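Numbering (my numbering), first residue to last: 4 to 206.
Every residue gets a Cβ at the ideal spot worked out from N, C-alpha and C, and that includes glycine.
These numbers were taken from a predicted model, which means no experiment stands behind them.
Step one of this worksheet: look at the structure below.
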């Protein structure tokens with residue numbers, strides 16, 4: 004059986020119309036519920052849930068593009084440990100800087116339109132949780148903490164340039180072969196533009 008056959012997918016409208024049948028089907032294999040075209044929540048049996056609690060990656064296809072590219076991303080982040088250390092030392096920073104970098108990369112790669120929707124995805128999207136290092140039973144940080152730490156990182160021009168470097172070196176050459184990504188270049192340019200304006204004003 005192929006990896007993608009281990010679970011079913013339904014939309015919100017179908018869930019509303021066929022809830023009892025879908026829940027019954029979930030006793031046999033997990034069902035992924037989609038909202039606005041993106042994974043939103045899973046319906047799983049008690050046995051599947053108990054088994055999955057051991058490892059979130061059990062639901063992530065090993066051949067997924069994000070899985071294959073993760074080592075290159077982490078190599079680039081590891082090459083900038085000094086920057087990560089400086090970001091972690093920022094007052095009030097609670098989420099590890101490398102984790103926030105992963106979160107912002109997800110926002111860019113999947114064109115998540117707002118921090119609120121990004122927060123929701125981190126709660127329900129198994130791929131997102133795996134990418135940022137959250138276990139299935141691990142609670143997501145509060146929205147206020149997430150928003151503040153994202154702002155702290157985006158206020159650092161070196162951090163934003165590193166995000167641009169990762170996108171440029173890891174993703175751009177392969178995006179045409181990866182239809183699951185919908186890279187938001189406009190958002191990246193907005194982040195970069197903030198520091199370009201600040202640099203111009205200071206000269």
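- Query: Can you tell me the Cα-Cα spacing of residue 196 and residue 111, whole angstroms?
  - Reply: Cα to Cα, the separation comes out at about 15 Å.
- Message: Which complete alpha helix (DSSP H) runs does the segment 68 to 112 hold, if anything under 4 residues is left out?
- Response: When DSSP assignments are scanned along the segment 68 to 112, the uninterrupted stretches of alpha helix (DSSP H) that are 4 or more residues long and fall wholly within it turn out to be 68 to 81, 84 to 91 and 100 to 112.
- Task: Could you work out which residue in 75, 12, 29 and 130 is closest to residue 64 when comparing CA atoms only?
- Result: Sorting 75, 12, 29 and 130 by C-alpha distance to the C-alpha of residue 64 places 130 at the top.
- Item | Continuous beta strand (DSSP E) stretch holding residue 151: start and end | Not the beta strand (DSSP E): residue 151 falls in the alpha helix (DSSP H), residues 146 to 157.
- Message: Using CA atoms only, rank isn't needed, just tell me which of 186, 166, 192 and 183 is closest to residue 87.
- Response: Residue 87 has its Cα closest to that of 166, out of 186, 166, 192 and 183.
- Message: Going by DSSP, what residue range makes up the beta strand (DSSP E) through residue 38?
- Response: Note, residue 38: beta strand (DSSP E), 34 to 38.
- Item | First and last residue of the uninterrupted alpha helix (DSSP H) at residue 24 | Following the DSSP letters along the chain, one finds residue 24 inside the alpha helix (DSSP H) bounded by residues 22 to 29.
- Query: Out of 102, 191, 174 and 198, which has the shortest C-alpha to C-alpha gap to residue 68?
  - Reply: For residue 68, the nearest C-alpha among the options comes from 174.
- Query: When every heavy atom of the ligand PLP is checked, does at least one fall within less than 6 Å of the C-beta of residue 77?
  - Reply: Ligands are entirely absent from the displayed structure, and the ligand PLP is therefore not among its contents.
- Cβ atoms of residue 152 and residue 115: under 7 Å apart, would you say? No, these two residues do not count as a Cβ contact at 7 Å.
- Message: Taking 7 Å as the threshold (C-beta atoms), are residue 143 and residue 126 in contact?
- Response: Yes, the Cβ-Cβ distance between residue 126 and residue 143 is below 7 Å.
- Task: Rounded to whole angstroms, what's the CA-CA distance from residue 17 to residue 188? Just pull it up for me.
- Result: For residue 17 and residue 188, the gap between their C-alpha atoms comes out near 33 Å.
- Residues in its own chain within less than 7 Å of residue 93 by CB, not counting five upstream and five downstream? Closer than 7 Å at the Cβ level, and outside the excluded window around residue 93, lie 155.
- In terms of alpha-carbon separation, which member of 66, 31 and 59 lies closest to residue 50? For residue 50, the nearest C-alpha among the options comes from 31.
- Message: Which residue wins for smallest C-alpha separation from residue 91, given the options 159, 14 and 123?
- Response: Of the candidates 159, 14 and 123, the one whose C-alpha sits nearest the C-alpha of residue 91 is 159.
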